[in-house]
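**Student:** Top line first, the protein sequences correspond to chains A and B.
Residues in the first sequence are numbered consecutively from 1, following this note's numbering.
Residues in the second sequence are numbered consecutively from 1, following this note's numbering.
Backbone N, C-alpha and C define an ideal beta-carbon position, used for all residues, glycine too.
Have a look at this one.
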Amino acid sequence: MRLEELEREEESQLSDETSTNVVLIPEPQGVVVRHRWQKHLLTYLMVFGPGLIVMVADNDGGAVSTYMQAGGQYGLHLLWTLVVLLPICYFVQEMVARLGIATGKGHAAMIYERFGKWWGRFSLFDLLLVNFLTLITEFAAISLALSAMGVSPFISVPVSALGLTLLVIMGSYLRWERAVIALCVLDLTWFVLAFVVHPSWASVARNTLVPTLPLGGVTSSLVFLVIAVVGTTIAPWQLFFQQSCVAEKRLRFADLKWARLDTLIGSLITVTVAGAMMLVGNYGFQRGIVFQDPAQFAGAIMPMLGHFARNSILLLMVNAAVLGATAISLASAWAYGEVRGWEHSLHKKLWEAPGFYATYIVCVGAAAAFVLIPHVPLQLVIVSVQVFAGLILPSAIIFLQLLLNDRELLGDRWVNKPWNNVINWTIIVVLFALSLLLAAQVMLPNLFN
Amino acid sequence: MASVQNTYQPQFFNVIHPLNDVPEQKCSTEGLGRIRMTRAVRISLGVLRAYLIVMSLMLGYHVLELAGVLHKTF
Numbered sequence: 001m002r003l004e005e006l007e008r009e010e011e012s013q014l015s016d017e018t019s020t021n022v023v024l025i026p027e028p029q030g031v032v033v034r035h036r037w038q039k040h041l042l043t044y045l046m047v048f049g050p051g052l053i054v055m056v057a058d059n060d061g062g063a064v065s066t067y068m069q070a071g072g073q074y075g076l077h078l079l080w081t082l083v084v085l086l087p088i089c090y091f092v093q094e095m096v097a098r099l100g101i102a103t104g105k106g107h108a109a110m111i112y113e114r115f116g117k118w119w120g121r122f123s124l125f126d127l128l129l130v131n132f133l134t135l136i137t138e139f140a141a142i143s144l145a146l147s148a149m150g151v152s153p154f155i156s157v158p159v160s161a162l163g164l165t166l167l168v169i170m171g172s173y174l175r176w177e178r179a180v181i182a183l184c185v186l187d188l189t190w191f192v193l194a195f196v197v198h199p200s201w202a203s204v205a206r207n208t209l210v211p212t213l214p215l216g217g218v219t220s221s222l223v224f225l226v227i228a229v230v231g232t233t234i235a236p237w238q239l240f241f242q243q244s245c246v247a248e249k250r251l252r253f254a255d256l257k258w259a260r261l262d263t264l265i266g267s268l269i270t271v272t273v274a275g276a277m278m279l280v281g282n283y284g285f286q287r288g289i290v291f292q293d294p295a296q297f298a299g300a301i302m303p304m305l306g307h308f309a310r311n312s313i314l315l316l317m318v319n320a321a322v323l324g325a326t327a328i329s330l331a332s333a334w335a336y337g338e339v340r341g342w343e344h345s346l347h348k349k350l351w352e353a354p355g356f357y358a359t360y361i362v363c364v365g366a367a368a369a370f371v372l373i374p375h376v377p378l379q380l381v382i383v384s385v386q387v388f389a390g391l392i393l394p395s396a397i398i399f400l401q402l403l404l405n406d407r408e409l410l411g412d413r414w415v416n417k418p419w420n421n422v423i424n425w426t427i428i429v430v431l432f433a434l435s436l437l438l439a440a441q442v443m444l445p446n447l448f449n
Numbered sequence: 001m002a003s004v005q006n007t008y009q010p011q012f013f014n015v016i017h018p019l020n021d022v023p024e025q026k027c028s029t030e031g032l033g034r035i036r037m038t039r040a041v042r043i044s045l046g047v048l049r050a051y052l053i054v055m056s057l058m059l060g061y062h063v064l065e066l067a068g069v070l071h072k073t074f
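Encoded structure:
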């Protein structure tokens, strides 16, 4: 009898211990659907975001200016460059998405961990510098566009900086993503403008598919603009941004195909929107309108196309700059937070990740303040951004390529296939050649004259 | 008498948002140290390092020159 009682006591103790040691993992909450197509569609909608945002944000304030200048100076002759840039955009960003999904870490952290402190610091310094200079151009675009609408830069720039800060400090990645996707959708208005200017669609199709040279042949200005188009379409911050964004969204291995689709759709949108900007610029080319920036162009076309076209161009310029500014500042904050080992997530509240949010706010605030300095040489900043970005882009892609061949880290499943490597080394060689050409042209401005 | 059996079994799919899902074990750099590189890659990176330093210095000089900082007379 006594033995039975002892056994019962032991069993009861064991049961208590077991119940205290077991950690119950709650079953993840999901949405139940009945059809396979619903499952695919819903999964895509849940995964999409990083690829679309990085690509649409790539058409930032500087890009609007570059593409419209390309159309304004050379009509439809440079449309073919966008067709060439489409696969380059996709292949580079696909590697970034794959690396982000495989490691769950940002690009800066990967360079730091696999290539050591020197390259880690160098890449980070380059990124922060070129991002800061690019941010200045975003605020310059906001200031320029809203000045043309009668808003003083002393109001437009601080309000934009405040809005950009409020966008991220909400403590939710999803809220930020939804707000930014709404801005991305607004960017599609460029297609409406492209129809409003009534281009010859036959010429558009011809110049898109067949590379042609403008009347003056290869000139210094043409070479510079082609390089600027390339530099604008693929920028170093994009690599860092998308990988961190994928890690932030905690995309799973199974999500890779949807992340690829997201990147492909994003690439198609960025290239076709860039084409629409060239078509709008081409309207100026056909009517002999000479312009230095899109705001000037918007003012010049108002008598012919009305208030809608003018205000749309100005507001789309602001939208592009805001999209670019939030993505670029986040790329800097994520990269700096990763390398410093700080909490670096939009899921955290302001006080839970103070270093991460401080980096974002300092980047935005300092760039906004810089634009408000009287007589600041903005044109010099814009040129420096293009040259510096062109200079560091090929090296940034080399690290990406080396990381995607790191079998020790990624295993056979995630490393590049041989055909991936052939395409990517070709891209790197082309970008290096353009980078050298750009650097040579900036140092020797009369090289092609 | 033949009987008809209902073999239809509805299939359901549970779609979970990545942020709500159980975290996966990712490829980790822990214990791996630095990436293994061939001699050729190491030399290429050394050349790249020199190229970037020289070009950055040249660009910096050019920008300062354009800004008029280097030719200021007082």
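What is the DSSP secondary structure of A:Val31, counted as helix, strand or coil?
**Tutor:** Three-state result, A:Val31: strand.
**Student:** Which residue spans inside the stretch 202 to 247 of chain A form an unbroken alpha helix (DSSP H) run of at least 4?
**Tutor:** The qualifying runs are 220 to 233.
**Student:** To the nearest angstrom, how far is the alpha carbon of A:Trp342 from that of A:Phe356?
**Tutor:** Answer to the nearest angstrom: the Cα atoms are 7 Å apart.
**Student:** Can you tell me which of the three DSSP states B:Val15 falls into?
**Tutor:** If DSSP states are grouped into helix, strand and coil, B:Val15 belongs with the strands.
**Student:** Starting from the Cα of A:Tyr336, find the closest Cα among A:Cys363, A:Ser200 and A:Arg407 and give me that residue.
**Tutor:** The shortest C-alpha separation from A:Tyr336 is found at A:Cys363.
**Student:** Taking a Cβ distance cut-off of 8 Å, strictly less, list which residues of the stretch 22 to 34 of chain B are near chain A, in chain order.
**Tutor:** Answer in chain order: Val22, Pro23, Glu24, Lys26, Cys27, Ser28, Thr29, Leu32 and Arg34.
**Student:** Going by DSSP, what residue range makes up the alpha helix (DSSP H) through A:Asp293?
**Tutor:** First-last for A:Asp293: undefined, no H or E at that position.
**Student:** Along the chain, where does the alpha helix (DSSP H) containing A:Asn131 start, and where does it finish?
**Tutor:** Segment His107 to Ala148, the alpha helix (DSSP H) holding A:Asn131.
**Student:** If you measure beta-carbon to beta-carbon, which residues of the stretch 354 to 388 of chain A are closer than 7 Å to chain B?
**Tutor:** Against chain B - using a Cβ distance shorter than 7 Å - the residues of the stretch 354 to 388 of chain A are Pro377, Leu380, Ser384, Val387 and Phe388.
**Student:** Would you mind working out which of A:Gln441, A:Leu404, A:Phe432 and A:Leu434 sits nearest A:Arg114, comparing C-alpha positions?
**Tutor:** Checked all of A:Gln441, A:Leu404, A:Phe432 and A:Leu434; the closest Cα to A:Arg114 is A:Leu404.
**Student:** Indicate whether at least one CB of chain B lies closer than 7 Å to the CB of A:Lys470.
**Tutor:** The displayed coordinates of chain A run from 1 to 449. Any statement about residue 470 of chain A would go beyond what the structure contains.
**Student:** With H, G and I counted as helix, E and B as strand and the rest as coil, what does DSSP make of B:Ser28?
**Tutor:** Correct three-state label for B:Ser28: coil.
**Student:** In the stretch 393 to 404 of chain A, which residues sit with their C-beta less than 8 Å from some C-beta in chain B, listed in chain order?
**Tutor:** Within the stretch 393 to 404 of chain A, the qualifying residues are Ser395, Ile398, Leu402 and Leu403.
**Student:** State buried or exposed for A:Arg287, treating a residue as buried only when at least 16 other CB atoms are found within 10 Å of its CB.
**Tutor:** Under this definition A:Arg287 is an exposed residue.
**Student:** Taking C-beta to C-beta, are A:Leu76 and A:Asn311 nearer than 7 Å?
**Tutor:** Contact: no.
**Student:** Need the endpoints of the alpha helix (DSSP H) that A:Phe91 sits in, please.
**Tutor:** Run containing A:Phe91: Leu79 to Thr103, per the alpha helix (DSSP H) assignment.
**Student:** Any idea what DSSP makes of B:Val54, helix, strand or coil?
**Tutor:** B:Val54: helix per DSSP, three-state reduction.
**Student:** How would you call A:Met277, buried or exposed, if buried means at least 16 neighbouring beta carbons within 10 angstroms?
**Tutor:** Counting Cβ neighbours within 10 Å, A:Met277 comes out buried, since at least 16 surround it.
**Student:** What number of angstroms, rounded off, separates the C-alpha of A:Thr208 from the C-alpha of B:Glu30?
**Tutor:** Cα-Cα distance, rounded: 48 Å.
**Student:** Give me the subset of the stretch 99 to 113 of chain A whose CB atoms are less than 8 Å from a CB atom of chain B, sorted by chain position.
**Tutor:** Going along the stretch 99 to 113 of chain A in chain order, one finds Ala102, Thr103, Gly104, Lys105, Met110 and Glu113 with a Cβ nearer than 8 Å to chain B.
**Student:** Counting only beta-carbon separations shorter than 7 Å, does B:Ala67 have a partner in chain A?
**Tutor:** It does; some Cβ of chain A falls within 7 Å.
**Student:** Would you report the Cα separation of A:Thr233 and A:Ala369, rounded to the nearest angstrom?
**Tutor:** Their backbone Cα atoms lie some 27 Å apart in a straight line.
**Student:** Please confirm if B:Thr38 has its CB atom under 7 Å from at least one CB of chain A.
**Tutor:** Output row for B:Thr38: interface = no.
**Student:** Going by other Cβ atoms of all chains shown within 10 Å of its Cβ, with 16 needed for buried, is A:His198 buried or exposed?
**Tutor:** Its Cβ having fewer than 16 others within 10 Å, A:His198 is exposed.
**Student:** Consult DSSP for A:Asn405 and reduce its assignment to one of helix, strand or coil.
**Tutor:** Coil, per DSSP.
**Student:** Is A:Leu99 near A:Pro236, with beta carbons less than 7 Å apart?
**Tutor:** No.
**Student:** So which of A:Leu330, A:Val64, A:Ala259 and A:Thr134 has the shortest CA-CA distance to A:Thr165?
**Tutor:** Closest option to A:Thr165, Cα to Cα, is A:Leu330.
**Student:** Just the C-alpha distance for A:Ile428 and A:Ile397, rounded to the nearest angstrom, thanks.
**Tutor:** So the two alpha carbons sit approximately 7 Å from each other.
**Student:** Going by C-alpha distance, which of A:Arg413, A:Gln441, A:Ala109 and A:Ile88 is nearest A:Ser333?
**Tutor:** At residue 333 of chain A the sequence reads Ala, which differs from the Ser that was named. It is A:Ala109 whose Cα lies nearest to the Cα of A:Ala333.
**Student:** One question on the structure: do A:Phe241 and A:Ala327 come within less than 7 Å of each other, judged by their Cβ atoms?
**Tutor:** Closer than 7 Å, so yes.
**Student:** I'd like to know whether the C-beta of B:Phe74 is nearer than 7 Å to at least one C-beta of chain A.
**Tutor:** For B:Phe74, the pLDDT reaches just 44, beneath the cut-off of 50, and the residue's location in the model is therefore unreliable, although a value from the coordinates is still provided. For B:Phe74, the answer is no, since every Cβ of chain A falls outside 7 Å of its Cβ.
**Student:** On the CB-based measure, 16 or more other CB atoms within 10 Å of its CB, does A:Tyr67 come out buried or exposed?
**Tutor:** With 16 or more other Cβ atoms within 10 Å, it is buried.
**Student:** Taking A:Ala439 as the query, report the chain B residues whose CB atoms sit under 8 Å from its CB, ordered along the chain.
**Tutor:** In chain order: Met55, Met58 and Leu59.
**Student:** Chain A beta carbons: is any one of them nearer than 7 Å to that of B:Asn6?
**Tutor:** Output row for B:Asn6: interface = no.
**Student:** In the DSSP assignment, find the unbroken alpha helix (DSSP H) run with A:His344 in it and report its ends.
**Tutor:** Looking at the DSSP string, A:His344 is not in any alpha helix (DSSP H), and its letter there is neither H nor E.
**Student:** Can you find at least 3 beta carbon pairs, one from the stretch 179 to 193 of chain A and one from the stretch 42 to 55 of chain A, that sit closer than 8 Å?
**Tutor:** Verdict: yes, contact present.
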